[in-house]
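Student:
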Amino acid sequence: MDINLFIVQLFNALFFASILFLISSGLSLIYGIMKILNLAHGALYMVGAYITFTVVILWLGLSWYSMVIAYIASIAVVASLGIYIERILLKPLYNKPQDLQLLLTFALIFILDDIVKMIWGAQYRAFPTIPGWSLSVGEYQIPVYFIATILIALGVALLLHWFFTKTIYGKMIRAISYSLETSAILGINTDKLFALSFALGAGLAGLAGGVAVPLYTASPGMGGDAIVLSFAVIVIGGMGSILGAFVGSLIVGLSRVFMAIIYPVFEIALIYIIMAIILMFRPTGLFGREMRERR
Amino acid sequence: MMFKIDNELYSLITLFIFLAVIPQFLSIYNVRLLSVGLLYGLAAVGFNLLYGYTGLLSFGHAMFWSAGAYGLAIGLVKLNLDPLMSILLAFTLTFTVAIVTGYLSLRHTEIYFAMLTLAFAQLIYALIIKLRDITGGDEGIYGIPRFPSDIGGYYYLIYIIVFILVILAWWIVRTPLGLGFQAVRDNPYRAEALGLDVRRVRLISFVLSGFYLSIAGMLYAPLNRAITPDIAFWTFSAIIVIMTIIGGSKNVLGAFIGGLIFIYINTQAMNLTEFWQLTLGIILALLVYLAPYGIVGIFERVLRYVRGG
Amino acid sequence: MTQVSDSRREWVKLAGVGVAGLAVGYGVGFLTAPERVREVETPVEGLPGVPDEPLKIGYIYFMTGTLGTYGTNAAAAIELAVEEINRNGGILGRTIELTSKDEADRERVLDNISKMVQDEGAEFVVGLDSSGDALKVIPLVEDELQIPFIVTHAATPKLTECAKRRFIFRISMYEEPIDIMAAQLVKELYEGDVTTVANIGPDYAYGYDSWAIFSGTLQDLMPDLEFLDPIYTPLFTTDYGTYIDQIKASGADLLFSSLWGGDAATFFKQAIAKGLFDSVKVYMNAMLGATDTLEAIGNDNVPDNVDVWGSGRYWFLYPPHDVYPLNRLFVENFRGKTGAYPPYVAATSYTAIYAIKKAIESAYVMKGSWPDVDEIISALEGLTVSGPMGPVYIRPEDHQGLYDVFWGRLRRGSPTYPIPILDELVVYPPGKVVPEPLTTMVSC
Amino acid sequence: MSEAVKYVLEASELHKWFGNVHAVNNVSLKLSRGEILSIVGPNGAGKTTLLNLLSGIVKPDKGRVYVYLNGDRKDITGRSPYYITFLGVGRSFQIPNIFDGLTVRDNIRLSILTYRRLINRFNRAYSSFNDVEEEVEKIIEIFSLEDSEYRYGRELSHGERKKLDIALSFAQQPNILLLDEPTSGLTYSEKLEMVELIRSLRREREVSFIVVEHDLDVVREVSDMLMVMHEGSVLAYDEPDEVVKMSEVISAYLGGEVI
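What follows is the structure, encoded as structure tokens:
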């Protein structure tokens, strides 16, 4: 492989990893704090994709500023959807058997898929053009949108790091993830923070959908395709760890892209094999730690 | 050999008497639907041995269903083996899958166990698609023979096997082994301290539950006379979990009813409206709030109310 | 307004009004129902031997999920055909009633088909998008349901090439003739211009078979070409960057693709963004000629530096509207109903309904009373029915529908069309590309 | 009485560090048959860690643990809790550790079936082993759990949970029971009941006890020997009356902390 090809393939992997990170960081965050495996996370990602599509293509027309507005809209809409889901649907279940939360998020996949179909129809929805030009690396090209996406993912990672280490809300959320009881005793309003973290996680899924849609194609049910790989990501990285989601995304992205070149038969299998091996040696994933028990 | 006949057994026997008689009054389609219902019920009962009784949530049980279905279909159609050898092949396949995945995933519990089983199931799904010379890939295997060939007759074959296995499950949870399952579910640390080999108990439960799913899959392949890989996909694993929770994971009866009822809810939702997914989703969500302990939980509440408790 | 969007509106309304409204609505509906039925009733003088009750036809497609667009379009076209037929007195005076199921309920496909036939009394079933499902229904339909079953989309050669089915027909053109024609077209147009051939396709039977047929035929025609290892993309791939750069690195100048639906659009756009068509000179995508895929690609994404060829089972501009008014009417009516140009599933499913009508009518002429299943099957065998794609001949030996096969070059549709279109259509008669009955290039 | 018959458990020079904390510092003890040894000390004195070392839940960094079996001294240092259980060392937990989804009866059945290695059987109902049932009856009687026999673990009061926790260990016919704060959280009358229970267990089966306890009244009531721990070390190890006489111990630790 010549160096130019290696560089573009590296960017392919990083782009893919960036999308994965945006999806799985929210999933991991919600699990870490609320101990809920949000099966509907892919559906939220789908909603984010449709919102960005609507804002850019149906309303404002393609431009960089409309993309920014669309991302913000995606985050805002999906995060508020998240708040509604958490307040109205999940909150009554906190003192009930844990499997009910799983059942509910599964039901939400069905509900959100069909609502999206009602609003936007069943047909493929896609960007007519891909925003931005391309950088040349030898005879290959790297779309500038790839680089923008990678920067967005990095920015989100840094922002999350700042949020959890420097802000009072972030610190409180981290406290909750260590011990719910102690946090309650310390006077942290865990109830409000649950809503906040669910909204944050959902907002990340919305952003992921928005960032992905210009290069992907939106359709109802697209979330189901996205969610399984993000399960692998957060298990590899350690559930509840943002750093884990970051590293896990890189591992999955790189292994997938380079396996497709070296030995394509193994492209998908390798991800699950990596996952199994890591769990055998580090039961909590690369950056996971023993979590507090479920409530 | 003594055991106490309890309410659960009464209910199960009554239900099975009903299930023996009712096909006589049903159309051939409804007998077919009921056959699928019995198999889903069997799957839920098997899954519940692991989930409700041993406290392990597997998100990959579709792999056992497909191990049974594919094992049998490959034996009968691709290798032209006789039925007995094909069944043996399916069991061997199931056993191998169960031991390997069980050994590797039972080092973990809770969500990591769920995710690992999911990963293995997806790996098997990928393998089924990939190994198309053996499995037919995405086009599956069709032309699987059925005996007896008519649905009415085949229903009773399913019925007998499901009956035996459901009663067996009822029985197992009342033996020391089943008590061990429940102890591991409630408090694995204490169980270990009392001298229970927790990993072994979990593995037994995992394999046993896998065999239930496998037998359901083995009966399912001839019922449809054709299989495609969607029975190995993760959504089918999720459905197995969901129907068990719907029915009630507390006992064998609940899981069995969950399987039966899920089939009807699913079918009815699709008949009612173009937006059947939304309808199904809303019904599932409503069940979460109205029947947190499953449909059997409602029965029990009604019963207690009637008795004035 | 379409029936689809009617019920959609109904649902939105229902959601708004809430449970109480629903209950009241049921009550009112119950009270007013008999009157409505009387309103709709139109007296039809009965033909001798024709049952009074409506004829029920079931259809099953992907209605939800990522492939939901196929089912919603097929449903619209079927409803269109049924409205037309019923408006003109139905089939021999029998009106058609529809029932439908969602193929996306993956594990329940066979149950749902059984339900339509055995429980709801459907006498015909049309549909199926998935090849796996098309093969899966064979034992059920042939041995148990035993009613005419017309496949309108699933493309696997195995359905009609491996054995003659008794009850199963396929009215849509399938993958083998399209791929054979692709190879012939390459020889005709590009002999001497291309040297290296690459493939990208989905990692399942359809992808493998397509490449085997295309490369096999092309190798016979042009033995000097270099064929690269085919690239197959796993299920649910949304990111084609790595494959695109691999193809680019391989130096291929002809790229054959069997990607379809949303995947075809996604790949195409990513290929443009990554400059794949700087090195690839000819791109042939067997399923590009689908209006829903082209809508997702968009007019702005039609490149100038590459010959892009697409095919499909039907192209809405062929046969030309001026010489073949049936197609013009279909396109107009379909647009009136859905606002979109009809994709191929719409044409094939629409034709399937008319094939049923014509078969019943010709069998009736022979018999003088309503024909039984065997007589309808005989009538379908060798039937020629006019569909939007031209006359379709149902070959009796293998139950495969035959009609013109085409490849067309991708062009910007603007300003006339909001989507890219296929232009410079090259059309082969089926005799030139469809294999002899019950012969096949894939393993059965 | 020879030494091997007289003693049941021995620990010599046990050490355990958790990071920089010397949780257990050079503790040795010898437990005779039927003896009740109480361990007292302020929070963090290393009492629970000592019990964990003895029962194998935590492995010592230095020192050995022995049990006496049929006259032989057997080194059990570093063995698994499961193995140590089968050698007749049972223990209870500070936070009662029972099976919430099983009835009291089934809890005890489970313990006995496991002990008798019947737990992997599936040819009989678990309630159909006559000798096990007799044993269950006996234990329910000893622990006076008759009223709650058919209630689930999760439905029990704190006191009942404590009793059931001990009963689970006792059902396995241990020679030695290690009890971690058996009376914590109990009402006064429940405490008295617990004291009586411990005495009766000793009477019934000649069980030896090591009891970690906060309540000095209980300690003085039941103990044959008393060990006072502080910051991992043994401050005093003698008969209770002797220890209590050591005024500095009382004022410094027992006085402030316990009474």
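As you go down the protein sequences, you meet chains A, B, C and D in turn. The opening residue of the first sequence carries number 3 in my numbering; numbering runs sequentially from there. The opening residue of the second sequence carries number 511 in my numbering; numbering runs sequentially from there. The opening residue of the third sequence carries number 7 in my numbering; numbering runs sequentially from there. The opening residue of the fourth sequence carries number 566 in my numbering; numbering runs sequentially from there. Cβ coordinates follow ideal geometry from the N, Cα and C atoms, glycine included.
Is residue 440 of chain C helix, strand or coil when you go by DSSP?
Tutor: coil
Student: Give the DSSP-derived three-state secondary structure of residue 164 of chain C in the structure shown.
Tutor: Looking at residue 164 of chain C - three-state DSSP - the assignment turns out to be helix.
Student: Between which two residues does the beta strand (DSSP E) holding residue 582 of chain D run?
Tutor: Run containing residue 582 of chain D: 572-583, per the beta strand (DSSP E) assignment.
Student: Report yes if the C-beta distance between residue 72 of chain A and residue 53 of chain A is below 8 Å; otherwise report no.
Tutor: yes
Student: Going along chain C in order, which residues have a C-beta closer than 8 Å to the C-beta of residue 17 of chain A?
Tutor: 245 and 247
Student: In whole angstroms, what is the alpha-carbon distance linking residue 41 of chain C and residue 773 of chain B?
Tutor: With a pLDDT of 38 at residue 41 of chain C, under the threshold of 50, the modelled position of that residue is not reliable, and no figure is offered here.
Student: Sorted by chain position, which residues of the same chain lie with C-beta nearer than 8 Å to residue 402 of chain C's C-beta, five sequence neighbours on each side aside?
Tutor: Cβ within range, chain order: 387 and 388.
Student: What would DSSP say about residue 103 of chain C, mapped onto helix, strand or coil?
Tutor: strand
Student: Would you grab the beta carbon distance between residue 290 of chain A and residue 243 of chain A for me? Rounded to a whole angstrom, and I think it's under 8 Å.
Tutor: About 6 Å separates the two Cβ atoms, so the contact holds.
Student: If I'm right that residue 284 of chain C touches residue 311 of chain C with Cβ under 8 Å, what's the distance once you round it to whole angstroms?
Tutor: 7 Å
Student: From which residue to which residue does the beta strand (DSSP E) around residue 430 of chain C run?
Tutor: 427-434
Student: Using a Cβ-Cβ distance under 8 Å, would residue 69 of chain C count as near chain B?
Tutor: Interface residue (Cβ-Cβ distance to chain B less than 8 Å): residue 69 of chain C is classified as such.
Student: Classify residue 100 of chain A as helix, strand or coil using the three-state DSSP reduction.
Tutor: coil
Student: Consider the Cβ of residue 20 of chain A: report whether some Cβ of chain C lies at a distance smaller than 8 Å.
Tutor: no
Student: Would you list, in chain order, the members of the region 222-243 of chain A that have their beta-carbon closer than 7 Å to a beta-carbon of chain C?
Tutor: 222, 223, 224 and 227
Student: Are the beta-carbon atoms belonging to residue 763 of chain B and residue 522 of chain B less than 8 Å from one another?
Tutor: Contact annotation: residue 763 of chain B and residue 522 of chain B have beta-carbon atoms nearer than 8 Å.
Student: Within the same chain, show all residues whose beta-carbon is closer than 8 Å to that of residue 127 of chain C, passing over the 5 residues directly before and after it, in chain order.
Tutor: 62
Student: For residue 708 of chain B, report the span of its alpha helix (DSSP H) as first-last.
Tutor: 708-734
Student: Rounded to whole angstroms, how far is the Cβ of residue 115 of chain A from the Cβ of residue 45 of chain A, which I believe are closer than 8 Å?
Tutor: 6 Å
Student: Specify, as a first and last residue, the run of the beta strand (DSSP E) that residue 790 of chain D falls within.
Tutor: 790-795
Student: Residues bridged to residue 640 of chain D by DSSP?
Tutor: DSSP, once it has assigned bridges, lists D/631 as partnering residue 640 of chain D.
Student: Based on Cα-Cα distance, which residue from C/288, C/342, C/220 and C/264 lies nearest to residue 299 of chain C?
Tutor: It is C/264.
Student: Could you check the C-alpha separation between residue 322 of chain C and residue 679 of chain B for me, to the nearest Å?
Tutor: 59 Å
Student: Anything in the region 134-167 of chain C with a Cβ closer than 9 Å to a Cβ of chain B? List those residues in chain order, please.
Tutor: 136, 137, 138, 139, 140, 141, 142, 143, 144, 145, 146, 149, 150, 162 and 164
Student: Any Cβ of chain B within less than 8 Å of the Cβ of residue 120 of chain C?
Tutor: yes
Student: Does the beta-carbon of residue 324 of chain C have 16 or more other beta-carbons within 10 angstroms, so that it is buried, or is it exposed?
Tutor: buried
Student: Measure from the C-beta of residue 112 of chain A to each C-beta in chain B and report whether the shortest distance is under 8 Å.
Tutor: For residue 112 of chain A, a Cβ of chain B is located within less than 8 Å of the residue's own Cβ.
Student: Would you kindly check if the distance between the Cβ of residue 244 of chain C and the Cβ of residue 125 of chain A is under 8 Å?
Tutor: no
Student: Which two residues bound the contiguous beta strand (DSSP E) that contains residue 413 of chain C?
Tutor: 411-417
Student: For residue 406 of chain C, write down the residues that DSSP places opposite it in a beta bridge.
Tutor: C/176
Student: Using CA atoms only, rank isn't needed, just tell me which of D/808, D/802, D/651 and D/811 is closest to residue 596 of chain D.
Tutor: D/802
Student: Which of the three DSSP states, helix, strand or coil, is assigned to residue 222 of chain A?
Tutor: Coil at residue 222 of chain A, not helix or strand.
Student: Got a sec: which bits of the region 775-791 of chain B sit with their beta carbon under 9 Å from any beta carbon on chain D, in order along the chain?
Tutor: From the region 775-791 of chain B, no residue has a Cβ closer than 9 Å to chain D.
Student: Decide if residue 711 of chain D is buried, meaning its Cβ has at least 16 other Cβ atoms within 10 Å, or exposed.
Tutor: exposed
Student: Cβ of residue 39 of chain A within 8 Å of Cβ of residue 756 of chain B?
Tutor: no
Student: Check the DSSP bridge columns for residue 587 of chain D and list the partner residues they point to.
Tutor: D/582
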